[in-house]
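Enquirer:
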């Protein structure tokens, strides 16, 4: 069920997958919930809670050039927060892309970043549930 659909969505472009997910959420919420157990999107990574995000964005497997492309078009506040979580050396080397860029290049970079997150969940380094609960988690100070 959900895992097979997630595998298919992973082959699609992010726009196609998001469109399908939105349709699925409206038509069949149960199947949507099942698919989301196995599928991460770049938006999910942007919404992670800080404690999970710090571990993820500091991952040495995330290439700075790919990350820079992936963050193209992301709101300034969100991209700045991610850059602040990078190791100091990567922070110093990070320069946002100011010029227009092909959408397919940005989407390809985002897919690469999502693949790293997916690999981390499969290796047991991250839990997909923790990533998805993200900003919804209530914190107590």
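Residue numbers (this note's numbering): 487 to 627. Don't be surprised by glycine CBs; every beta carbon is placed ideally from N, CA and C. Bear in mind the structure is a predicted one, so any value in this text is a computation, not a measurement.
#1: Run the CB neighbour count on residue 505, radius 10 Å, all protein chains shown included, and call it buried at 16 or more, exposed below.
#2: Check whether the Cβ atoms of residue 544 and residue 573 sit closer than 8 angstroms, and answer yes or no.
#3: State the Cα-Cα distance for the pair residue 552 and residue 502, rounded to the nearest angstrom.
#4: Is it a yes or a no for the region 608-620 touching the region 552-566, going by three-plus beta-carbon pairs under 8 angstroms?
#5: Taking the alpha carbon of residue 582 as the point to measure from, which residue in 555, 536, 600 has its own alpha carbon closest?
#6: Please say whether residue 618 and residue 522 have beta carbons closer to each other than 8 angstroms?
#7: Count the other CB atoms within 10 Å of the CB of residue 519; is the residue buried (16 or more) or exposed (fewer)?
#8: With a cut-off of 8 angstroms on the beta carbons, I'd call residue 500 and residue 587 a contact; round off their distance for me.
#9: Looking only at C-alpha atoms, which of 512, 548, 494, 542 sits nearest to residue 524?
#10: With a CB to CB cut of under 6 angstroms and the five nearest residues on each side skipped, what residues in its chain are close to residue 508?
Expert: To lay it out plainly:
#1: Of the other Cβ atoms in all chains shown, fewer than 16 fall within 10 Å of the Cβ of residue 505; this residue is therefore exposed.
#2: Contact: yes.
#3: Approximately 21 angstroms between the Cα atoms of the pair.
#4: The region 608-620 vs the region 552-566: no contact.
#5: Closest by C-alpha distance to residue 582, out of 555, 536, 600, is 555.
#6: Contact: yes.
#7: Residue environment analysis places residue 519 among the exposed positions, since fewer than 16 neighbouring C-beta atoms fall within 10 angstroms of its C-beta.
#8: Taking 8 angstroms as the upper bound for CB-CB distance, residue 500 and residue 587 are not in contact here, some 15 angstroms apart.
#9: Closest by alpha carbon: 494.
#10: The beta carbon of residue 508 lies closer than 6 angstroms to none in the same chain, with the five residues before and after it left out.
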